[in-house]
Amino acid sequence: MFRTEIPEYVKSILFRLKTAGFDSYLVGGCVRDSVMGAVPHDYDIATPASPEAVEACFNDLHVIETGLKHGTVTVVSRGHPVEITTFRSDGEYLDNRRPEHVTFVSDLETDLSRRDFTVNALAYSPDSGIVDLFGGTEDIKAGIIRCVGDPETRFREDGLRILRALRFASRLGFTVDDATDAAIHKCSRLLDNISAERIFSELGGILTGSAAERILTDYSDIMFRIMPELEPMSRTTQNNPHHMYDVWTHTVKSVGAAEPDRILRLAMLFHDCGKPACKTTDDDGIDHFRGHPEVSGRIARVILNRLKSDNRTKDEVLFLVEHHDIQFSPKDNRLKKFIAETGEERFGRLLEVKHADLKARSEYSREVSLPELQRIEGIFREMKASGTCIQVKDLAVNGRDLIKLGVPEGKAVGLMLAQLLDMVVAGEIQNDREQLLAKTRHLSGKFTEM
Ligand code: CTP
């Protein structure tokens, strides 16, 4: 059953196509999501009309020739883009990405049979209701990802479907049907031909799904295929009081323990990947991993570069990986400064990383480390509340103000600003313009007197 309301801008397209003699259908993700009771984020339409006929049908609207070769045009209906694709059967997939050429057909059945998974091979029209030729609704009910037809053929057509299967299973909390599961493991080398951008996008989807921990556990071979640098973790035991799992198992559990945020979960995935290279065992048989955050950072950088990560994701993830093990003893007065320099958002994330890391460790480790983490959290909360979690750029004075007061232009200005920031962060003065100017006069006066 289509369980959500179809928006007017979609209904009007279906209606106009039908009036022109083309019985058309909603297809793919929007039908799957609606059957599951979730509001679709976009709507795709399949139609027997040729792309030219679709263009003619909507010549009064903005029409974009998205992929004429593959039969897709986008119609902008009341401000919303809707993709309309002519029924097709796909030709040979020469590069495991998209068919070299497609053949337009006139029947819905052929179009649905070319699709990847039964849950994605559903169609709907107001006249016909749900069209389910491959058991997609049953699979939705049972929570199963199953290829339409022969799984190996489906994966050979497009190797990315291996990751798509894992992404849907992770996001929807579904299990993978046995034959599809066997083909995923057997065909993993097909991923070698898939572009880095497509892989990275699916990886983000897999990691942020509700079943990410299970998928990473059951499909570690797939993860190691796309990121071979992570494989040594699965062979690295950790014989010390802080751990109870090997490095990969700990990693996977820490991913599951973190909020489903892409940057956080990527950070958890990489945080310990430098451990295998750093492992030493002392005379008592205890394992140590000195310097691993830095090595993890280096490995993560190589992976993120290869997968063509955007710079913001890379910077955030690498910061978290490199600092995940940073410690501050109660006597250490650098903590407040570090928090202020790092900034609220980043430091907040770092604390989440530390929590997720801790949750995946031994009970002993949690007992000894949790109070310290809570102390740091308390300080962070206080700083946020008192507005002292700030950086130089947030000070109520700037360099020009200091120069006006007689601080010599150049290095001295930067030093003075840093000194003022230290005092604000330490709570000695407030981030108040008058107080800061008075302090500057006082300090620079002292400087001149000397
Ligand atoms: N499809 C496919 N094989 C692919 C990609 C897509 O068979 N490699 C089909 C599926 O039927 C899918 C539809 O094309 O449902 C649309 O694909 P896409 O927009 O990528 O995914 P959705 O299923 O819509 O899911 P979502 O947008 O939620 O990711």
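Heads up, the sequence shown is in this note's numbering, so the first residue is -5 and it goes up one at a time. We treat Cβ as the ideally placed atom computed from N, Cα and C, and that holds for glycine.
- For ligand 1, no non-hydrogen atom lies closer than 8 Å to the CB of D133.
- Relative to ligand 1, H74 has its C-beta separated by 8 Å or more from all heavy atoms.
- Distance between H56 and H35, taken at the CA atoms: about 21 Å.
- For T174, the CB contacts under 7 Å within the same chain, skipping 5 residues up- and downstream, are I139, R140, C141, P145 and A159 in chain order.
- Between H317 and P287, the C-beta gap is smaller than 9 Å, which places the two residues in contact.
- Beta-bridge annotation (DSSP): S119 is paired with G123.
- If you look at Y358, you'll find it in the alpha helix (DSSP H) that goes E357 to S380.
- Inter-residue distance for P93 and V249 is about 35 Å (C-alpha atoms, whole angstroms).
- Within the segment 183 to 251, the complete alpha helix (DSSP H) runs of at least 4 residues fall at 190 to 201, 206 to 212, 214 to 220 and 241 to 251.
- With respect to the 9 Å criterion, S28 and Y118 are classified as neighbours on the basis of their beta carbons.
- Within 8 Å of the C-beta of A177 there is not a single heavy atom belonging to ligand 1.
- Taken through DSSP and simplified to helix, strand or coil, Y3 comes out as helix.
- With a contact defined as Cβ atoms closer than 8 Å, P235 and Y358 qualify at about 5 Å.
- Distance from the Cα of A136 is smallest, within the candidate group D212, D171, S122 and P120, for D171.
- Annotation: the continuous beta strand (DSSP E) that includes T79 extends over H74 to T80.
- Rounded to the nearest angstrom, the gap between the Cα atoms of C51 and F9 is 11 Å.
- Counting the other CB atoms within 10 Å of its CB gives V296 a total below 16, which places it among the exposed residues.
- Annotation for H317: the continuous alpha helix (DSSP H) segment containing it runs N305 to H317.
- Here the alpha carbon of T66 sits roughly 26 Å from the alpha carbon of M30.
- If you look at S164, you'll find it in the alpha helix (DSSP H) that goes L154 to L166.
- In this structure, the CA atom of R183 is about 13 Å from the CA atom of Y213.
- Ranked by Cα distance from K12, the options V48, N392 and R148 are led by V48.
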